[in-house]
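In UniProt numbering, the protein residues as written are 1 to 617.
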């Protein structure tokens, strides 16, 4: 199908999903509480820490504590088959299966984003545990460090809000705000421990400070590893670079106004990178590349067929979502339990890592994931530097999102006083939160049911294991089915997951007034730069061989695009993530990377070297 017609087909599919698959679960007030009108001025111009006031007509919409919605009706799930058996037969990694079209930055990036979007509160172990009996072939499990072997896995239970408006008996609130607001960097409360005036707190050498427990001081620091450390450090530096420029241009502004304006810019930058860089990398087709650029920029004037079609089906898409007004499409805005499910992408995480010098390609060190996890991450980042960390992640592959590829390090993971097999946790959480099993999930998203095991997987060994674990196809867990699917050509995840993606990707932009045509006045001077496609007229950097090493004698000559732009106009660094050809900076695997492959340790916006998760459990 021609690209223009494919885009119209996707727009039509999104309209159907908007009509049928936005389910509000929040219990509403009866009668509604009287609220002051208008909202306080501070809530109109800038983001609030907890996400209140984004929609001024319903200030609590999408705020911290607001309930997760649904894309498909919730159900009560069975505990069978035993999730430990499912995990060991179908999820545990036997050999590492790489995603050869991506780099590890793509894995770190999506975990960085998920921590902004969705976090379920959970009880400490021993309060309201989920108990998973071990199958006969598993002799015992140690649930706490130094604890005894037990005949069951115990997992800290999620904190429920009670019965939802959709009638499902378990309703869960989001510890993060639902908005795309950079809360993983900025936090969700009004405490100023992250700030020093307008700037975010960094050490003199530009790294995140740590608390008495060795944890990085940032907006959200759970499930920490070096990949998250690079992202948080990069965007904290970006925020501070913007503060300097804003102060230079607006000497009369106080610290609060500079801080809030820089946050607006950084949050918009993050949304743009995800829309036009990460997404076309993991969904590497011409149609999706064009579609995501249309989401942000609108339809090019010369593409008259797409313009006519979208004018008939979705006029908002003509000019790009950031140039439209907010629209919730019939349901109050929230992220959903189903959204959480399709973003369970832990197989992206490799078990082994090699770090190289960005200038010479010389070997620096080799590590396992556990060497880079928790409080160890900060030590490694300071030792090798942000430049070399980003370069090394940019020249190595993550894991493929498929069966039998779950990271070994996450199968016996110590966190906050408990030891978990995170693959079992993923299965248990999805069932407990009422997400339907795979075939019912597909049907609710207007997809045909799978009738034969061979239609789910073409791999005979996978089919054999599925038959052994499940009594029938309708019993297959959602996550297992999503991993078992053979993705469409170019896709990094399943076609079923894509249905939720296409619905929610536009919704995250379209619902937020700070990402559409209702931003505060302080963002207006930088919006043209956020919209720009062309930022540098310098020649492309030298090509990178498929080995992932810099060309001999060349790496030291390359500067980052963000560094080049910032040296002339630092605010332009807020949009330096799109070079003049629109495709050089990417998280894809490529033999022709952008200059940002050799990212320097200065505040820059460009994230993506050459090859590109973790929901809260």
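Ideal placement from N, C-alpha and C gives every residue a C-beta, glycine not left out.
A quick note: this is a predicted structure, and the numbers were derived from the prediction, not measured.
Just curious, the beta strand (DSSP E) that residue i is in, first and last residue?
{"i": "residue 368", "result": "363-368"}
{"i": "residue 419", "result": "418-420"}
{"i": "residue 131", "result": "129-133"}
{"i": "residue 85", "result": "Here residue 85 belongs to no beta strand (DSSP E); instead the alpha helix (DSSP H) covers 83-90."}
{"i": "residue 481", "result": "Unbroken run through residue 481 is the alpha helix (DSSP H), 478-484; no beta strand (DSSP E)."}
{"i": "residue 162", "result": "160-162"}
Determine whether the beta carbon atoms of residue i and residue j lie at a separation below 8 Å.
{"i": "residue 510", "j": "residue 274", "result": "no"}
{"i": "residue 497", "j": "residue 342", "result": "yes"}
{"i": "residue 411", "j": "residue 86", "result": "no"}
{"i": "residue 101", "j": "residue 284", "result": "yes"}
{"i": "residue 401", "j": "residue 145", "result": "no"}
{"i": "residue 462", "j": "residue 489", "result": "no"}
{"i": "residue 47", "j": "residue 196", "result": "no"}
{"i": "residue 441", "j": "residue 388", "result": "no"}
{"i": "residue 118", "j": "residue 424", "result": "no"}
{"i": "residue 134", "j": "residue 25", "result": "no"}
{"i": "residue 103", "j": "residue 393", "result": "yes"}
{"i": "residue 512", "j": "residue 179", "result": "yes"}
{"i": "residue 403", "j": "residue 413", "result": "no"}
{"i": "residue 177", "j": "residue 63", "result": "yes"}
{"i": "residue 116", "j": "residue 216", "result": "no"}
{"i": "residue 347", "j": "residue 391", "result": "no"}
{"i": "residue 82", "j": "residue 120", "result": "no"}
{"i": "residue 330", "j": "residue 295", "result": "no"}
By the three-class DSSP mapping on this structure, what secondary structure does residue i have?
{"i": "residue 553", "result": "Legend: pLDDT at residue 553 = 33, less than 50; position of this residue unreliable, value from coordinates given subsequently. In this structure, residue 553 counts as coil in the three-state DSSP scheme."}
{"i": "residue 98", "result": "strand"}
{"i": "residue 400", "result": "coil"}
{"i": "residue 7", "result": "helix"}
{"i": "residue 406", "result": "strand"}
{"i": "residue 18", "result": "helix"}
{"i": "residue 152", "result": "strand"}
{"i": "residue 355", "result": "strand"}
{"i": "residue 445", "result": "coil"}
{"i": "residue 141", "result": "strand"}
{"i": "residue 335", "result": "coil"}
{"i": "residue 439", "result": "helix"}
{"i": "residue 499", "result": "helix"}
{"i": "residue 574", "result": "For residue 574, the predicted model reports a pLDDT of 38, less than 50, meaning its position is unreliable and no value from the coordinates is stated."}
{"i": "residue 112", "result": "helix"}
{"i": "residue 544", "result": "Below a pLDDT of 50, predicted positions are generally treated as unreliable, and residue 544, at 34, falls in that range; the measurement from the model is reported next regardless. In the structure shown, residue 544 sits in coil (DSSP, three-state: anything other than H, G, I, E or B)."}
{"i": "residue 510", "result": "helix"}
{"i": "residue 432", "result": "helix"}
{"i": "residue 196", "result": "strand"}
{"i": "residue 539", "result": "Because the pLDDT of residue 539 is 35, which lies under 50, any placement of that residue in the model is unreliable, and the question is left without a value."}
{"i": "residue 170", "result": "coil"}
{"i": "residue 122", "result": "strand"}
{"i": "residue 23", "result": "strand"}
{"i": "residue 2", "result": "coil"}
Which residue comes first and which comes last in the alpha helix (DSSP H) that contains residue i?
{"i": "residue 413", "result": "Where residue 413 is concerned, there is no enclosing alpha helix (DSSP H), although the beta strand (DSSP E) it sits in stretches over 413-415."}
{"i": "residue 376", "result": "376-394"}
{"i": "residue 291", "result": "286-297"}
{"i": "residue 58", "result": "Looking at the DSSP string, residue 58 is not in any alpha helix (DSSP H), and its letter there is neither H nor E."}
{"i": "residue 72", "result": "Note, residue 72: premise wrong, no alpha helix (DSSP H); not H, not E."}
{"i": "residue 456", "result": "453-456"}
{"i": "residue 460", "result": "460-469"}
{"i": "residue 618", "result": "The structure shown does not extend to residue 618, since the chain is modelled only from 1 to 617, so the question has no answer here."}
{"i": "residue 185", "result": "183-186"}
Just checking: is the beta-carbon of residue i within a distance shorter than 8 Å of some beta-carbon in chain D?
{"i": "residue 206", "result": "Although the question refers to chain D, the structure presented lacks it and comprises just one protein chain."}
> Where in the segment 202-264 do unbroken runs of the alpha helix (DSSP H), each at least 4 residues long, occur, reported from the N-terminal end onward?
Replying inline: List check, alpha helix (DSSP H) in window: 226-249.
>> Can you confirm whether the segment 374-385 touches the segment 257-274 when touching is taken to mean that 3 or more C-beta pairs between the two stretches lie within less than 8 Å?
In response: As far as the Cβ criterion goes, the segment 257-274 does not touch the segment 374-385, which means the pair count is below three.
> Is it a yes or a no for the segment 355-368 touching the segment 72-79, going by three-plus beta-carbon pairs under 8 Å?
Replying inline: Output reads no: the segment 72-79 does not touch the segment 355-368.
> Does the pairing of the segment 322-333 with the segment 460-474 give three or more beta-carbon distances under 8 Å?
Replying inline: No: fewer than three Cβ pairs fall under 8 Å.
>> For the pair the segment 12-32 and the segment 151-159, tell me if three or more CB-CB distances fall below 8 Å.
In response: Contact fails: fewer than three Cβ-Cβ distances are below 8 Å.
> How about the segment 329-341 and the segment 61-72: do they share at least three Cβ pairs that are nearer than 8 Å?
Replying inline: Yes, since at least three Cβ pairs between the segment 329-341 and the segment 61-72 fall closer than 8 Å, the two stretches touch.
> Three or more C-beta pairs closer than 8 Å, one from the segment 195-215 and one from the segment 234-247: is that the case here?
Replying inline: These segments touch.
> Is it true that the segment 105-112 meets the segment 53-63, where meeting means three or more beta-carbon pairs spaced less than 8 Å apart?
Replying inline: Taking 8 Å as the limit for Cβ pairs, the verdict is that the segment 53-63 does not touch the segment 105-112.
> Any contact of the segment 222-233 with the segment 242-254, i.e. 3+ C-beta pairs under 8 Å?
Replying inline: Verdict: no, contact absent.
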